[in-house]
Each structure stands twice: as C-alpha cells, then as structure tokens.
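Here the working numbering is used: position 210 in the sequence shown is 210, and no number is missing along the way.
The beta-carbon is built from N, C-alpha and C at its ideal position, and this holds for glycine as well.
As the structure is a prediction and not an experimental result, all values here were calculated from the model.
Structure first, then comments.
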Amino acid sequence: MQPCLNQSVELDQLAKDINNIHRETLLRINKNDFSHLLQLERWGRLCTIFGYATAWIAPNPVSALLISQGIFTRWSQLTHPISHGAYDKITNVPNRYKRKGYAKGWHSFVVIIPNHAGDDIPLFNNRPKKQGEFYLRQIIGSVNYPSNSNLNDFFYGWLNYQIEHHLWPDIPLSQYHLVQTPLQQICKKHKINYCQESVFLRLKKAINIMVGTTSMLKEAPQLKQQTLK
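So, in structure tokens, the structure goes:
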C-alpha cells in the first residue's frame, strides 16, 4: 500500500462529500439497525454457550475460538458502537443499548492494532487544522479488512470497516457496508488511496513495527506543505 498524501486534495470539498454521506445515513437509520444489533448479540451468546458446552473435550481449539469470539463480540459489536451512541437515535431502544446505560468492555489486539500499524501508515505530529484534513487523516491512517458478508463481518467484529468507523463513529454497524461504496467513490474522486487488505498481511506489518524491523511513516512532506483550501 502506498499512502495517499496528495497535495491536490481539496479539503473543503472532501469534508462536504463525507458530511453528505453522514447526513444521508442518519436519515436512513431505523429499527432494522437495532434488530441487526440484537442478531449479532444472539450470535455472540451462541458462540459463548457452545464454546463452554464443548470445553470438556480436550484438546479443543474450536471451543477456545468460540469462547473468544463470544467475548470479542461483546466488545467489538456491542460495547464499541454503543459507546459511540450509534443506537441512541433509534426510538424505543432499551437504555442498556444506549451510550449512558451500557457497561464498558475490552479491546482485542489481533483485529484492532493492525488496522493502524505498518510501514505504510503515517504518523501525525500535530492536530488537523480543518475538518477536511481530519477526514483525510482518518482515511490514510486506517486500513480495512475484506468485507463480503454479514457472517464475515461478524467474525471481524465489524472492525473491517475501520475507515468508515473513524469517519462516522455514531452510525449503526449495519450501515457500514452501505456507506462503503460511496466513500470509495469519494476517495477515487479525490485521488485518495482507500486501503483494504488481509488481516494476516496487516498483522505481519504490525509485528514488524513492534520488533523494530520497520517503522511507521513520518508525516509526509506533501501533507505538511499542503495548502489548506
């Protein structure tokens, strides 16, 4: 992946394009998004139940995987979006699924860290000066994993939409795949690289950073010199 720190990016127009997607998405949110969340919660509970129910069989890596997935689901697909208020806008949602009423959880290294680590991911040493620059940094500073089905996304904890999440943390998980294509079109329009790679490739890059074989990109000269339009 070659990071796109394109000097010609018109930041105000980029911000306008991304904000338009956000507004359209907020208007589309309804009770079906909450039903989708409940389905994910059921899948996570089933993973936990079957994991513990078969844990007596040894050695049994499948049970360990199911238990792990159940815990991971509670954080990545419940605590994470709920803590950002993704379901607060839906009427008649129980308080326990809203930001103020939900207990906090934990992180999972293997899926989350590689989204943001690698010798092709830039570091930023100062705060963005405009909204468009903030959006640009979220796109080039994150990497998505493959997304092709509800089940695939479930096992990734919807963290395979990390770019979309950083741009719009307050939208339900079920909306991510709907905003992905419009966002990719915006990136193409502005000549910004939208990176989507295998979690195993990204994990290798993250480990290389940790052991010192490679290092994160320094903030690129193109962005430092960029005229904030």
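Determine the burial state of residue 198: buried for a count of at least 16 other Cβ atoms within 10 Å of its Cβ, exposed for fewer.
Translated into positions along the sequence shown, residue 198 becomes position 198. With fewer than 16 Cβ atoms within 10 Å of its Cβ, residue 198 is classed as exposed.
What whole-angstrom Cβ distance do residue 187 and residue 194 have, given they're in contact under 8 Å?
The residue labelled residue 187 in the question sits at position 187 within the sequence shown. The residue labelled residue 194 in the question sits at position 194 within the sequence shown. Yes, residue 187 and residue 194 are in contact; Cβ-Cβ is about 4 Å, under 8 Å.
Assuming residue 97 is part of the alpha helix (DSSP H), what are its boundary residues?
Counted from its first residue, the sequence shown places residue 97 at position 97. Unbroken run through residue 97: none, as it is neither H nor E.
State the start and end residues of the unbroken alpha helix (DSSP H) segment that holds residue 32.
Here residue 32 refers to the residue found at position 32 of the sequence shown. Where residue 32 is concerned, the enclosing alpha helix (DSSP H) stretches over 31-53.
When burial is assigned at 16 or more other CB atoms within 10 Å of the CB, is residue 213 buried or exposed?
Along the sequence shown, one-based indexing puts residue 213 at 213. It counts as exposed.
In the DSSP assignment, find the unbroken alpha helix (DSSP H) run with residue 135 in it and report its ends.
Locating residue 135 in the sequence shown gives position 135, counting from the first residue. Residues 131-140.
Whose CA, out of 135, 201, 67, 208, lies closest to the CA of residue 21?
Translated into positions along the sequence shown, residue 21 becomes position 21. Considering only alpha carbons, the answer is 135.
Quick check on the burial criterion: 16 or more other C-beta atoms within 10 angstroms. Buried or exposed for residue 23?
Sequence index remark: in the sequence shown, residue 23 carries index 23 (1-based). Exposed, since its Cβ has fewer than 16 Cβ neighbours within 10 Å.
Mapping DSSP to helix, strand and coil, what is residue 144?
Along the sequence shown, one-based indexing puts residue 144 at 144. In this structure, residue 144 counts as strand in the three-state DSSP scheme.
In whole angstroms, give me the CA-to-CA distance for residue 190 and residue 151.
For the purposes of this step, residue 190 is taken as the residue at position 190 of the sequence shown. For the purposes of this step, residue 151 is taken as the residue at position 151 of the sequence shown. Looking at the two C-alpha atoms, the distance is approximately 32 Å.
If I follow the unbroken alpha helix (DSSP H) through residue 166, where does it start and stop?
Start at 1 with the first residue of the sequence shown, and residue 166 comes out as number 166. Counting along the chain, the alpha helix (DSSP H) containing residue 166 begins and ends at 162-167.
Just tell me which of 145, 184, 31 has its CA closest to the CA of residue 203.
Locating residue 203 in the sequence shown gives position 203, counting from the first residue. Residue 203 has its Cα closest to that of 145, out of 145, 184, 31.
Going along the chain, which residues of its own chain have a beta-carbon closer than 6 Å to the beta-carbon of residue 6, five neighbours each way excluded?
In the sequence shown, counting from the first residue as 1, residue 6 sits at position 6. Low confidence applies here, because residue 6 scores a pLDDT of 48, under 50, leaving its location unreliable and the question unanswered by this model.
Less than 8 Å between C-beta atoms, sequence neighbours within five positions excluded: which residues of the same chain meet that for residue 28?
In the sequence shown, residue 28 corresponds to position 28, counting from 1. Excluding positions up to five away in sequence, the list reads 175, 178.
Considering Cα atoms alone, identify which of 149, 166, 154 is closest to residue 142.
Residue mapping note: residue 142 aligns to position 142 of the sequence shown, counting from 1. It is 166 whose Cα lies nearest to the Cα of residue 142.
Please report the distance separating the alpha-carbon of residue 19 from that of residue 52.
Here residue 19 corresponds to residue number 19 of the sequence shown, with the count starting at 1. Here residue 52 corresponds to residue number 52 of the sequence shown, with the count starting at 1. Using only the alpha carbons, I get a separation of about 44 Å.
Is there a Cβ of chain D sitting closer than 8 Å to that of residue 174, yes or no?
The displayed structure is made up of one protein chain only, and chain D is not part of it.
Determine the burial state of residue 56: buried for a count of at least 16 other Cβ atoms within 10 Å of its Cβ, exposed for fewer.
Stepping through the sequence shown from its first residue, residue 56 is reached at position 56. With fewer than 16 Cβ atoms within 10 Å of its Cβ, residue 56 is classed as exposed.
Put residue 61 into one of helix, strand or coil per three-state DSSP.
Walking along the sequence shown from the start, residue 61 turns up at place 61. Note: residue 61 maps to helix in three-state DSSP.
Using 8 Å for Cβ pairs, my map puts residue 90 next to residue 148. What's the rounded Cβ distance?
Within the sequence shown, numbered from 1, the residue matching residue 90 stands at position 90. Within the sequence shown, numbered from 1, the residue matching residue 148 stands at position 148. Not a contact, Cβ separation roughly 26 Å.
Helix, strand or coil for residue 122, going by three-state DSSP, please let me know.
As a first step, residue 122 is located in the sequence shown; it is residue number 122 there, counting from the start. It is a strand residue.
Within the continuous alpha helix (DSSP H) that includes residue 176, where are the two ends?
Within the sequence shown, numbered from 1, the residue matching residue 176 stands at position 176. Residues 176-189.
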